[in-house]
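Colleague:
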Amino acid sequence: MATTAAPFGARPVSTTSASGSFNGKVQHLKIASGYATAIFNGDFVKMVAAGVIEKDAGTATLTTIGIFMGVKYTDPTTGQLTFNQYYPASTAADDIEAYVLTDPDVVFLMQADGAIAQTALGSNFDVIQTAGTTSIGNSKNAVDADSTATTNTLPLRIYDFYDGPSSTIGDAFTDALFKFNVGHAYRNTTGV
Numbered sequence: 196m197a198t199t200a201a202p203f204g205a206r207p208v209s210t211t212s213a214s215g216s217f218n219g220k221v222q223h224l225k226i227a228s229g230y231a232t233a234i235f236n237g238d239f240v241k242m243v244a245a246g247v248i249e250k251d252a253g254t255a256t257l258t259t260i261g262i263f264m265g266v267k268y269t270d271p272t273t274g275q276l277t278f279n280q281y282y283p284a285s286t287a288a289d290d291i292e293a294y295v296l297t298d299p300d301v302v303f304l305m306q307a308d309g310a311i312a313q314t315a316l317g318s319n320f321d322v323i324q325t326a327g328t329t330s331i332g333n334s335k336n337a338v339d340a341d342s343t344a345t346t347n348t349l350p351l352r353i354y355d356f357y358d359g360p361s362s363t364i365g366d367a368f369t370d371a372l373f374k375f376n377v378g379h380a381y382r383n384t385t386g387v
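Take any residue in the sequence shown, count from 1 to its spot, add 195: that is its number in this note's numbering.
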């Protein structure tokens, strides 16, 4: 509900790519055993030099490879293959594999930490990074409503507003549709 602060990270809703679908755009990418930061469904992730992913903790800049959707690994306590909506920090397993939506043209829903006016359509924004919820595995990242600018280095661009029964343009915690502005790993000419 956009009248209540309840951020949920990035929720993919569509794509502007020619295929019009997410088919073939979710990659299985490794997470290093013992990686010490939890990653939640809806968090942005990046590729690092070791050839594994980590949470992209940037705010004014992102070097994302995509949106974290979930993970599978052998639970070190039970020895059972586990599928989870979030990666628990410091999990020690050699088979940790994340599901990451890597489509650079993805359109995703996010909540802002304040009101975003109609005049901001097409503007760029920062991300507010917050620890997710372990009980349900969802991200709590939000868009920084006060960061609206034309600055070309900001990571997100507002693509459209989400105008539904629980959300209207300019309400207290505006829900809106965003795209990656700059910094997506597949659009960056510099390698990892």
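No residue lacks a Cβ here, since even glycine has one placed at the ideal position from N, Cα and C. Please read all numbers here as calculations on a predicted model, not as lab measurements.
(1) Name the residue from T277, A293, L276 whose alpha carbon lies nearest to the alpha carbon of Y230.
(2) Ordered along the chain, which non-local residues of its own chain (more than five positions away) have a Cβ less than 8 Å from that of I323?
(3) Which residues in the same chain as K267 place their Cβ atom closer than 6 Å to its Cβ, once the five residues preceding and following it in sequence are excluded?
(4) Quick check on the DSSP output: the beta strand (DSSP E) that includes I353 runs from which residue to which?
(5) Identify every residue that forms a DSSP beta bridge with S362.
(6) Tell whether a beta-carbon distance below 8 Å holds between N319 and A344.
(7) Suppose you measure from the CA of D300 to the CA of D290; what does that come to, to the nearest Å?
(8) Please name the residue, chosen from T272, Q275, F239, D270, that lies closest to T259 on a Cα-to-Cα basis.
(9) Kindly provide the ranges of any alpha helix (DSSP H) runs that are 4 or more residues long and lie completely inside the segment 288 to 359, ordered along the chain.
Modeller: According to the structure shown:
(1) Of the candidates T277, A293, L276, the one whose C-alpha sits nearest the C-alpha of Y230 is A293.
(2) Closer than 8 Å at the Cβ level, and outside the excluded window around I323, lie P202, T254, D308, N336, A337, V338, D339.
(3) Excluding residues within five positions, the ones whose Cβ falls inside 6 Å are F278, E292.
(4) Counting along the chain, the beta strand (DSSP E) containing I353 begins and ends at 351 to 356.
(5) Under the DSSP definition of a beta bridge, S362 partners with G359.
(6) Taking C-beta atoms as the reference points, N319 and A344 count as a pair closer than 8 Å.
(7) If I take the Cα positions, the gap works out to 29 Å.
(8) Considering only alpha carbons, the answer is F239.
(9) Within the segment 288 to 359, not a single complete alpha helix (DSSP H) segment reaches 4 residues in length.
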